[in-house]
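Below is one structure; the comments refer to it alone.
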Ligand code: 26W
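As structure tokens, then:
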């Protein structure tokens, strides 16, 4: 992109004057952040418009990624890098005596997602634009994103994330494109003006959906795609009548009820939701997005929908937007008089579905009562889809009554969203090889028998622009100095780094870079939470959502074990280690919150015990989020990927660690398997039971955690320490955790996630790590091997896979 310093300066000053009535000398850090961002957007604008024109000019197929979450993080630095003007902007700011890093820190994260699924959506958008594919995101403009986490007395406390309290300089409000979404009411049957019979809804609650567009800037290309986020409001504002009668609460009720829909992101990851407001959110953005697409289509092609599926492919990011399926049926049938069969033909050629989890509790289902009450006409359509499905089931599986019942979209008084997705979509994909195999052979076995041709795998990926070029500039420079540019858009080029494995200078340089990045993280944590980290120690890191299946508990139990050992055995002298945790727990997930309290309690104890000073330290990073992740991955030595085999669909932090030269300590789960395959098992640390072994124990009911306690006194001791007063004088705080491992609580089996079964194997892997770290050069060589083989895990590769097998998009060059 062309860049003119003087013009940029002039834009900056103009913006400060117009928006804040200030000149540069008076502007504070936030004003400057806003003005720099707005000036950059100004530069991007022509490309954004040109991209839209290009897509409109000769209609080509476009992808729409429907997702309840887009975990975008910060935009400024990434956007400047993608349009190739970061250095120039930096220079301009320097000339004006402004520190870029300082103003960068003024930008709040766009935390519109929980974890992996939301961040994946963000990486995909970056790759689509970079690869010149016409692909856009549709989602919700949550007023409050993922909550801000503070640790108070060792406990997680949630605070609202008011990320929009200052305006967001990257978004453009498009009031002209607002649409209406209807809830509740009753179904009426009447005639259209031209005499056709038609269903419609009476007495519905009407909600206005207003889109806000964000530019998605491709790297080193003119393509700028769009992320369109919907905001909810009431079309009629508040009730002036009631206001005048001084009935203030009721006067704003309607307004609040509408605005609540896009108020806040549900902080549940992989857990049950079941709340009517969440279904409202899902329908709200699904309906608004489809209305937007259909309106545009009808403007170009009229009401002949035979070309719709040729021009649109809609990817459903998990089940959250699956209500879009009956909603498109409704729009076509009720609003454009299309026949059922024609509408079904359009729908079944337009939608594709990605499954991101096999945890049963995360497979969404809605009580009929809630669904029908909120969406009476859509429910009627779901009933019809279901009726036809059941006929198909009876034909395909005669006499298999179990299947007729359990594969029905509606049964047990519930609407099964995943079933509707699999039935209606032309493609169903998992997100790593193992995950897809498990879907086919276990979780979705019956569906795989019915529709084998629909199932396919798309192993996840991450964008190297954000996670290497932007987050780790030193490593990026190291790479470019050796293999040149090109890897930024073709990550498999990293393979050329293998030439440097035996180059001493390169290995030393790599060690130096890692140490500097560790120092930078240490500086940040000193500043942010007054923690002291020793960059000479091993940075052993587990950052991800807190969930039992991810087994942060296994990690902290091992820390407790090492602590015991160091205290008991003066001859035990492993290298210094810093155990770093970062995790948010869903606000209602009690056991996850206990684990956070446990980690902080153990940290408090260990960090204040002189006997182990300089040997181990435990750090809990508060409020883990994208912008903090960007500081953590470059500084990590060990990547903890320790989920119970078979339960982590893919994982994506594992890929970010690998790309930044951390070694994986992991189970054979999710994409870990593919990471070990690419990097070589000898360049990582594999441990733990395999999926088949666990499945076998499950089938035979043969897992008895007590056996593991009986034969491992060190393990028995740490488990006992949860309740014996070592960490908690009341003996109560961690009792539930203890009992869940040893006895099982609330009707659960003991140790559902096989923590005790994998403990010994985990400890041994940790010993290997300690030993391996003694040889720093050998360690760095293993790190380089990982970096060199991370090519597969670019989201560019993932997107090309989706394009080839599912989306069939053509690149569009923007002139
Ligand atoms: C109903 C509440 C709820 C909320 C979020 C259920 C399920 C989810 C997501 C599916 C959870 C999620 O983020 N899954 C993660 O998706 C990543 C991207 O594919 C994978 O890498 C992770 O393994 C998977 O846990």
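Residue numbers (the numbering used here): 20 to 834. By construction, the Cβ of each residue, glycine as well, lies at the ideal position given by its N, Cα and C atoms.
Query: Could you name the residues of the same chain whose beta carbon sits closer than 8 Å to that of residue 286, not counting the 5 residues immediately before and after it, in chain order?; Result: 133, 165, 166, 177, 603, 605, 606
Query: Closer than 6 Å by C-beta to residue 70: which residues in its own chain qualify, once you throw out the five before and the five after it? Chain order, please.; Result: 242, 243, 833
Query: Using beta-carbon positions only, say whether residue 511 and residue 40 come within less than 7 Å of one another.; Result: no
Query: Less than 7 Å separating the beta-carbons of residue 658 and residue 596?; Result: no
Query: For the beta strand (DSSP E) containing residue 209, name the first residue and the last one.; Result: 205-210
Query: With three or more C-beta pairs closer than 8 Å as the rule, is the region 745-757 touching the region 606-617?; Result: yes
Query: With hydrogens ignored, establish whether the beta-carbon of residue 567 is closer than 6 Å to any heavy atom of ligand 1.; Result: no
Query: Residue 455: beta carbon under 6 Å from a heavy atom of ligand 1?; Result: no
Query: What would DSSP say about residue 20, mapped onto helix, strand or coil?; Result: coil
Query: Within 10 angstroms of its Cβ, does residue 792 collect 16 or more other Cβ (buried), or is it exposed?; Result: buried
Query: May I have the straight-line CA-CA distance separating residue 726 from residue 735, to the nearest angstrom?; Result: 10 Å
Query: Between residue 375 and ligand 1, is the CB less than 6 Å from at least one heavy atom?; Result: yes
Query: Counting Cβ pairs, one atom from each stretch, are 3 or more of them under 8 Å apart for the region 265-278 and the region 144-151?; Result: no
Query: Buried or exposed: which applies to residue 827, given that a residue is buried once 16 or more other Cβ atoms fall within 10 Å of its Cβ?; Result: exposed
Query: Considering only residues of the region 413-460, which uninterrupted alpha helix (DSSP H) runs meet the minimum length of 4 residues and lie entirely inside it, listed in chain order?; Result: 420-425, 436-443, 452-457
Query: Report the rounded CA-to-CA distance for residue 107 versus residue 22, giving the unit in angstroms.; Result: 7 Å
Query: Going by CA-CA distance only, name the one from 188, 210, 319, 489 that's closest to residue 77.; Result: 319
Query: Report yes if the C-beta of residue 380 is less than 6 Å from at least one heavy atom of ligand 1; otherwise report no.; Result: no
Query: Cβ of residue 347 within 7 Å of Cβ of residue 378?; Result: no
Query: When burial is assigned at 16 or more other CB atoms within 10 Å of the CB, is residue 44 buried or exposed?; Result: exposed
Query: Taking only heavy atoms of ligand 1 into account, decide whether any of them is closer than 6 Å to the Cβ of residue 476.; Result: no
Query: May I ask which residues mark the beginning and end of the alpha helix (DSSP H) holding residue 68?; Result: 48-76
Query: Note the first and the last residue of the continuous alpha helix (DSSP H) segment covering residue 492.; Result: 492-502
Query: Helix, strand or coil, according to DSSP, for residue 232 in the structure here?; Result: strand
Query: Could you tell me whether any non-hydrogen atom of ligand 1 is closer than 6 Å to the CB of residue 437?; Result: no
Query: Mind checking who residue 201 pairs with in its DSSP beta bridge?; Result: 225
Query: Looking only at its own chain, which residues have a Cβ that is under 7 Å from the Cβ of residue 117, when we skip the five neighbours before and after it?; Result: 51
Query: Between residue 337 and ligand 1, is there a pair consisting of the residue's CB and a ligand heavy atom that are separated by less than 6 Å?; Result: yes
Query: Would you kindly report the start and end of the unbroken beta strand (DSSP E) that includes residue 13?; Result: Outside the shown range of the chain, which is 20 to 834, sits residue 13, and nothing can be said about it.
Query: Please report the residue range of the alpha helix (DSSP H) in which residue 345 lies.; Result: 343-349
Query: Does the beta carbon of residue 450 fall short of 6 Å from some heavy atom of ligand 1?; Result: yes
Query: From the DSSP output, which residues share a beta bridge with residue 633?; Result: Residue 633 is not bridged to any residue.
Query: In terms of residues, what are the limits of the alpha helix (DSSP H) holding residue 546?; Result: 523-548
Query: Ligand 1 and residue 673: does any heavy atom of the ligand fall closer than 6 Å to the residue's C-beta?; Result: no
Query: Measure the CB-CB distance between residue 737 and residue 580 and report whether it falls below 7 Å.; Result: yes
Query: Based on the DSSP output, what are the partners of residue 216 in its beta bridges?; Result: 210
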